[in-house]
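Here is the structure we will look at, set down as structure tokens.
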Amino acid sequence: MRAGEIVGLAGLIGAGRTEILRAIAGADVPDRGEVRIDDRRLRPGDIAGAIAAGVAFITEDRKAQGLVLGMSVRENVSLAHLADFVDRDLLIDVARERNAAMRMIAELQIRTPSTEQLVRNLSGGTQQKVVLAKWLLGNAGVFLFDEPTRGIDIGAKTEIYKLMLELLARGAAIVIASSDLPEVLGMAHRVLVVREGRIAAEFVRDDATPEKVVAVATGAA
Amino acid sequence: MTQRDRLWYWLRIAAALTFLIAMIAIVDVASHGSFLEPSNIVRVLRQITYNCVLGIGQTFVIITSGIDLSVGSLVALTGVVAALFANSVHLSGFPLIAATLIVAVAVGCAAGWVNALPVVKLNLPPFITTLAMLEMALGASFILSHGRPVALQSSDFENTGIGSFMGGLTNALHLPGIPVPVIWMLVVIVAASVLLNRTRFGRYVFAIGGNEEAARLAGINVARVKTIVYMISGGCAAIVGFLYMALFSSGSPQTGTGDELLESIAAVVVGGTSLMGGRGSVIGTFFGALLIGVLYNAMNLLNVDSYLQKVLLGAVILLAVVLDELRKRYIAK
Chain B
331 MRAGEIVGLA GLIGAGRTEI LRAIAGADVP DRGEVRIDDR RLRPGDIAGA
381 IAAGVAFITE DRKAQGLVLG MSVRENVSLA HLADFVDRDL LIDVARERNA
431 AMRMIAELQI RTPSTEQLVR NLSGGTQQKV VLAKWLLGNA GVFLFDEPTR
481 GIDIGAKTEI YKLMLELLAR GAAIVIASSD LPEVLGMAHR VLVVREGRIA
531 AEFVRDDATP EKVVAVATGA A
Chain C
51 MTQRDRLWYW LRIAAALTFL IAMIAIVDVA SHGSFLEPSN IVRVLRQITY
101 NCVLGIGQTF VIITSGIDLS VGSLVALTGV VAALFANSVH LSGFPLIAAT
151 LIVAVAVGCA AGWVNALPVV KLNLPPFITT LAMLEMALGA SFILSHGRPV
201 ALQSSDFENT GIGSFMGGLT NALHLPGIPV PVIWMLVVIV AASVLLNRTR
251 FGRYVFAIGG NEEAARLAGI NVARVKTIVY MISGGCAAIV GFLYMALFSS
301 GSPQTGTGDE LLESIAAVVV GGTSLMGGRG SVIGTFFGAL LIGVLYNAMN
351 LLNVDSYLQK VLLGAVILLA VVLDELRKRY IAK
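Chains as they are written, first to last, in this note's numbering: chain B, 331 to 551; chain C, 51 to 383.
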């Protein structure tokens with residue numbers, strides 16, 4: 331895929347969309363296949379390596395996988411890029427960390443009273459924005475969204491779509507895996523239909539109709 | 051922090067301080083002023099040193115939602131190994147002390163590494179792996195010492211064990227000397243606090259305890275952090291083994307194998323570190339150890355029966371965990 335492109339992964343629940351994203355992000359070791367970013371091959375199962383190469387994996391279950399609920403907004407936002415906030419004497423520069431968190435709060439309009447608020451006390455949509463802030467902080471080039479709008483209100487949904495378009499404008503590449511078919515068809519330039527862990531079909535945006543995608547996804551076509 | 055969190059935080063501190071001050075006042079009056087004598091305060095600090103240092107190592111492990119049951123046996127093992135080493139090398143003075151300490155800490159860290167290996171590679175519960183280490187280390191310390199205390203041939207450890215820090219100065223001021231082990235404890239407290247609160251490693255310890263999967267997906271090397279955490283606990287046990295060896299002028303396979311393990315865990319829990327992981331502090335563990343130490347000391351001054359002392363200590367630990375649970379429910383509301 332290219333910079334400025336959104337690829338959608340459609341398919342039934344359990345078809346293997348999440349598994350594909352997890353393999354790209356290094357969270358699981360795939361049986362075969364490889365991931366290349368800018369022609370550099372990523373080591374399978376190396377999450378830190380994938381992050382360093384610019385991969386951001388925004389997981390489906392923000393409470394179980396995306397956030398440390400008992401930590402503050404600041405600590406969650408910096409978690410994946412903490413090395414950037416360590417000064418010469420090996421200590422975390424909390425002032426710099428707080429500034430970065432404040433910048434992300436402003437940029438994403440995160441509704442939190444302060445950087446020190448525990449993430450546990452925020453609403454679902456706001457929590458999702460904290461997850462996004464965590465991954466935006468590192469200037470990643472490839473964003474993997476797994477069910478990006480499940481369980482959040484319509485206002486936050488729109489904001490997340492807007493954010494995706496902004497990321498595209500900045501030259502990012504985006505993969506959206508979603509069981510919300512209108513979401514995939516509405517956002518993606520290309521739609522890959524996943525069935526039983528494999529890409530069963532590929533459609534460009536104008537070709538992708540709900541009927542065709544569902545037919546492939548269920549194995550009827 | 052929300053206003054409610056902040057309020058609760060200060061309430062907790064106020065409650066703990068009120069309890070401590072009330073206890074001190076009552077005991078001091080009841081013991082006719084002997085409780086607040088400087089010599090008694092120093093005695094309490096010296097008594098809690100060992101428990102506090104063990105508890106600090108344990109704090110790191112418990113924040114990752116693990117547990118280290120092997121610390122008591124590691125005190126015995128490292129004490130015996132340190133004594134055997136000190137008796138077998140031709141060193142004296144500071145080089146002897148430094149080399150012996152390094153050997154003890156190396157043994158403790160190695161045991162911690164072994165503790166962590168099945169935890170991080172096979173995802174086995176640390177309760178079991180450290181229980182196994184408890185037995186192995188205990189057995190090994192008996193084998194190495196032939197079941198008898200290994201008496202130190204050198205007297206160079208005397209100052210480390212029972213000496214006073216800047217004794218000339220405190221004598222001149224007519225104050226009780228500050229025992230050298232207490233200085234060791236203060237150094238461990240400061241170093242561990244900085245490590246836990248200000249470094250990347252410390253942040254990762256909290257993150258893993260709070261949500262291990264989120265920590266892993268943020269690129270944190272969970273296995274490495276956990277391994278280091280058990281090595282820190284083993285290292286702290288080794289420092290205690292070393293200090294006990296210096297105190298008793300011998301390394302005994304029975305040192306540390308009594309109440310030490312459970313009392314160190316009690317200090318951690320009373321100090322506000324959650325056994326569920328993700329929350330805790332080094333300074334809390336110090337105050338936990340202090341509270342337990344003060345309690346024992348007060349009960350001794352008041353001539354409380356030693357069996358009853360155990361019952362009361364147990365009640366205090368229970369109270370601490372009940373309060374922690376109530377706090378969690380309050381937050382969840």
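All C-beta atoms in this analysis are idealised placements derived from N, C-alpha and C, irrespective of residue type, glycine included.
All values reported here derive from a predicted model rather than from experimental measurement.
| Asked | Found |
| --- | --- |
| Under 8 Å between C-beta atoms of L438(B) and A463(B) | yes |
| Residues, ordered as in the chain, of the region 381-392 of chain B that lie near chain C by beta-carbon distance below 7 Å | I381, F387, T389 |
| Touch test, the region 220-239 of chain C against the region 159-174 of chain C, Cβ-Cβ under 8 Å, three pairs minimum | no |
| Neighbour-count burial assignment, V476(B), 16 or more Cβ in a 10 Å radius | It should be noted that the sequence gives Asp, not Val, for residue 476(B). Counting Cβ neighbours within 10 Å, D476(B) comes out buried, since at least 16 surround it. |
| Environment of F387(B) [buried if 16+ CB atoms lie within 10 Å] | buried |
| Short CB-CB distance (under 8 Å) between I343(B) and chain C | no |
| Near-chain B residues of the region 263-278 of chain C - C-beta to any C-beta below 9 Å | E263, A264, A265, R266, L267, A268, G269, I270, N271 |
| Classification of R428(B) by the beta-carbon crowding that lies within 10 angstroms, buried from 16 upward | buried |
| Beta-carbon contacts of G259(C) that lie in its chain and below 6 Å, excluding the five residues immediately before and after | I113, T114, S115, G327, G328 |
| Beta-carbon contacts of L511(B) that lie in its chain and below 7 Å, excluding the five residues immediately before and after | A340, P540, V543 |
| Neighbourhood of F192(C) by C-beta distance below 8 Å, restricted to the same chain and skipping five residues each side | P303 |
| Run of the alpha helix (DSSP H) containing L474(B), from where it starts to where it stops | Unbroken run through L474(B) is the beta strand (DSSP E), 472-476; no alpha helix (DSSP H). |
| Chain-ordered chain C contacts of I377(B) [CB-CB under 7 Å] | R266, L267, G269 |
| Min CB distance N261(C) to chain B below 8 Å | yes |
| Enclosing beta strand (DSSP E) for F207(C) [first to last residue] | From DSSP, F207(C) is part of no beta strand (DSSP E); its letter is neither H nor E. |
| Nonlocal neighbours in the same chain, by C-beta distance under 8 Å from M183(C), ignoring five residues either side | L119, S120, S123, L124, A161, V164, N165 |
| Within 9 Å of chain C by C-beta, residues of the region 395-415 of chain B in sequence order | Q395, G396, L397, V398, L399, G400, M401, S402, E405, N406, S408, L409, A410, H411, L412, A413, F415 |
| Contact set between I566(B) and chain C, taken where Cβ atoms lie within less than 7 Å | Because chain B in this structure spans residues 331 to 551, residue 566(B) falls outside the shown range and cannot be described. |
| Burial state of G301(C), where buried means 16 or more other Cβ atoms lie within 10 Å | buried |
| Minimum Cβ-Cβ distance from F69(C) to chain B less than 8 Å | no |
| Integer-rounded CB distance, given that G291(C) should sit under 8 Å from G306(C) | 7 Å |
| DSSP bridge partner residues for I336(B) (one or two, in chain order) | I504(B) |
| Cβ contact (3+ pairs, closer than 8 Å) linking the region 269-282 of chain C and the region 447-464 of chain B | no |
| Start-to-end residues for the beta strand (DSSP E) that takes in L522(B) | 520-525 |
| Close beta carbons around Q203(C), own chain, < 7 Å, minus the five adjacent residues each side | N137 |
| I112(C): first and last residue of the uninterrupted alpha helix (DSSP H) it sits in | 88-113 |
| Residue nearest to I289(C) in terms of C-alpha spacing, selected from D78(C), S84(C), L127(C) | L127(C) |
| Local Cβ density within 10 Å of A72(C), reported as buried at 16 or more and exposed below that | exposed |
| Beta bridge counterpart(s) of I228(C) as assigned by DSSP | F215(C) |
| Residue burial classification, G197(C) (beta-carbon count within 10 angstroms, cutoff 16) | exposed |
| Chain B residues whose Cβ lies nearer than 8 Å to that of F337(C) | Within chain B, no residue comes near F337(C); the closest Cβ sits about 21 Å away, beyond 8 Å. |
| Assigned exposure category for V385(B) - 16 Cβ within 10 Å defines buried | buried |
| Backbone secondary structure at I315(C) - three-state DSSP | helix |
| Check: I152(C) C-beta below 7 Å from any heavy atom of the ligand PLP | Although the ligand PLP was asked about, the structure shown includes no ligands whatsoever. |
| Whole-Å CB distance - A149(C) paired with L141(C), under 8 Å assumed | 6 Å |
| Within chain C, partners of A357(B) - CB distance below 7 Å | L267 |
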